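Taking it in order: structure first as structure tokens, then the write-up.
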Amino acid sequence: MSNRTKFYINGEWVEPSTSDTIDVINPATELPVGPVALGGQADVDKAVDAAYEAFESYSQTTREERIALFERIIDVYKGRIPEVAKVISEEMGAPMGLANAAQAPVGLGHFNTVLRVLRDFEFEEDLGSARIVKEPAGVCAFITPWNWPINQIATKVAPALAAGCTMVLKPSEVAPFNAILFAEVMDEAGVPAGVFNLVNGDGPTVGAALSSHPKVDMVSFTGSTRAGIEVARNAAPTVKRVAQELGGKSANIILDDANFEEAISRDVFGMCTNSGQSCNAPTRMLVPQDRMDEAASIAKNAAAQVKVGDPNDAGTTIGPVVSAVQYDRIQNLIQAGIDEGAKLEIGGTGRPDGLNAGYYVKPTVFSHVTNDMRIAQEEIFGPVLSLIAYEDDDDAVKIANDTVYGLSGYVSSGSSERARNVARRIRTGNVHINGAGPDQQMPFGGYKQSGNGREWGRYGFEEFLETKAIVG
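Residue numbers (our numbering): 17 to 488.
Next comes the structure, spelled out in structure tokens:
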């Protein structure tokens, strides 16, 4: 890609204001893929000014014009999916099977979902003597992570475009090349100049400049809770709207009437998917106290079936984690679990046998974990499962809610009614029952330190609208 060291601003690929670059590392080989430019304040100002100027005209476009734009974007994106998948696998380590089946096409799914919302959304209604009007929120800044990169770009860009907003995207500098492909799609589809802009860079420089910029009306951030706090601090002086999708430590309650073999095996695999690098991964498995050893045996056997290896190998279940920093953090937390007295059922520190390079982590299962241990409270972001015992349903709910996070929850039971009753008591933004997968129409977001605001579908669309009352 010739645009890897350029930025996309006001409808053109432009040279950065700085000469600073950083190498993007292939986590499977630990070798550089190529450099990406790191922007500065001048690049942010240029991109925000372009979005600010474009807002006046783009915010006044009709529903029909935006529908036509979406149809062009969808058509162009479809043709780039294989390339997007390959790039994502190369820069963040997803197996090609996962990249082709989920990582790349999930972006297309969000555009299709938002297009359906746009076709039917009521932007105006009468209420008493007032006309209630939903208007675009303005210039938006998007700061996105590396773990599901196109997914998190599309969940912000698609609804913002549909609502009539303009935007500047700063993707993760760890895995930025998929975002450059995305910008090429937007350009080829004919998104008006200034409506979508891309500036690469790091959080302390470009991220901070965007979240504090006086011409930015809204900042939407996905990433760690620690970084989200800094984004909110930077945004506070200008009182802009802030939406955050942050960390998680999701509880997975296996009720005593569940099919243990089915539910535990399924959820161990689900926890390991994407090398455990999903903010909603079910990493705390809560099981009845008198069935801990049974559950641990099933989980151990399931984890043993997870094949760690080269992302290009068709037999690989999970690839490496994204970086040396992430690898070291996971190793430290696995060691902490051992030191704190949890029982290591399988896995542990170090690379899997036969893998001498790459940031590969052994699928790891701890049993007899207590909820005050670090491995039960801190987001590990790797294929590490903690089995925690509970006494009854009330105790399970109490343990599930005993965390600063509140993104997702999981419940398995032979009774849908019982599972739903437990689900209603879990303080999280969504709860999956008996292995139900995500639905792009549902609202996605968290309680507590997992963030605020919602993404996906109609709920994500409404985040990018302001409400005006015209009276009389």
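Idealized CB from N, CA, C, for every residue including glycine. Just so we're clear, the structure is a prediction, and the values are computed from it rather than from any experiment.
Assigned secondary structure, residue i (DSSP; H/G/I helix, E/B strand, else coil)
i	result
H229	coil
F382	strand
L481	strand
M287	helix
L262	coil
P454	coil
D136	helix
A191	coil
K256	coil
P399	coil
P121	helix
V222	helix
T37	strand
N275	coil
L85	helix
A405	strand
D410	helix
D369	coil
A53	strand
P304	strand
Y14	Here the chain comprises residues numbered 17 to 488, so residue 14 is not present and cannot be evaluated.
Y426	strand
Distance between beta carbons of residue j and residue i, contact taken as under 8 Å
i	j	result
V232	K256	6 Å
G27	A209	3 Å
V400	Q465	That belief does not hold up - the Cβ atoms of V400 and Q465 are roughly 20 Å apart, past 8 Å.
Y475	T444	That belief does not hold up - the Cβ atoms of Y475 and T444 are roughly 15 Å apart, past 8 Å.
E46	G374	6 Å
S428	L271	6 Å
Y406	L302	5 Å
A157	L226	4 Å
I449	R470	With 8 Å as the limit, I449 and R470 do not qualify as a contact, their Cβ atoms being about 20 Å apart.
Proximity below 9 Å, CB of residue i to CB of residue j
i	j	result
N116	N290	no
K150	T483	yes
I166	V100	yes
F460	P152	no
V207	V184	no
M389	G430	no
G473	V133	yes
I442	T299	no
E87	L124	no
V201	A67	no
A319	V381	yes
I25	D59	yes
G398	Q342	yes
I169	N19	no
G56	S33	yes
E433	I391	no
G239	P187	no
D411	H229	no
E40	V49	What sits at residue 40 in the sequence shown is Val, not Glu. Yes.
E246	G217	no
F71	T182	yes
I159	A485	no
Proximity winner among the options, relative to residue i (alpha-carbon distances)
i	options	result
G363	K378, T483 and R434	K378
S171	L271, L47, P121 and I442	At residue 171 the sequence reads Thr, which differs from the Ser that was named. For the residues L271, L47, P121 and I442, the minimum Cα distance to T171 belongs to P121.
R79	S145, Q57, A179 and F276	A179
P304	A205, P253 and V413	V413
V322	P368, E31 and D306	P368
V52	P175, A84 and V190	V190
D408	N372, N450, R307 and L349	R307
G425	G451, G56, A312 and E141	G451
K359	I404, T333 and I346	I404
P192	A315, Q347 and V103	V103
F212	G95, A63 and V447	A63
N317	Q351, Q347, C288 and E361	E361
P98	F198, Q57, D136 and L54	F198
I38	W29, K22 and L114	K22
G488	E433, A267, D142 and N42	D142
I280	T333, S383 and N250	S383
N328	S35, N128, M112 and A252	M112
S35	L54, G50 and G217	L54
A205	I89, G217, I41 and N348	I89
Q456	A118, A44 and L114	A118
R96	D203, A330, A315 and D65	D203
E81	E140, R135, R249 and H126	R135
Residue-level contact to chain D via CB, residue i, 9 Å cutoff
i	result
P399	Absence of chain D from the displayed structure is noted, only one protein chain being present.
Assess, as a yes-or-no matter, whether the segment 331–346 is touched by the segment 102–121 under the definition of 3 or more beta carbon pairs within less than 8 Å.
yes
Can we say the segment 290–297 touches the segment 251–268, given the rule of at least three CB pairs closer than 8 Å?
yes
Using 8 Å as the threshold, is the segment 379–387 in touch with the segment 398–417, meaning 3 or more CB pairs across them?
yes
Do three or more CB pairs link the segment 271–284 to the segment 307–319 at distances below 8 Å?
yes
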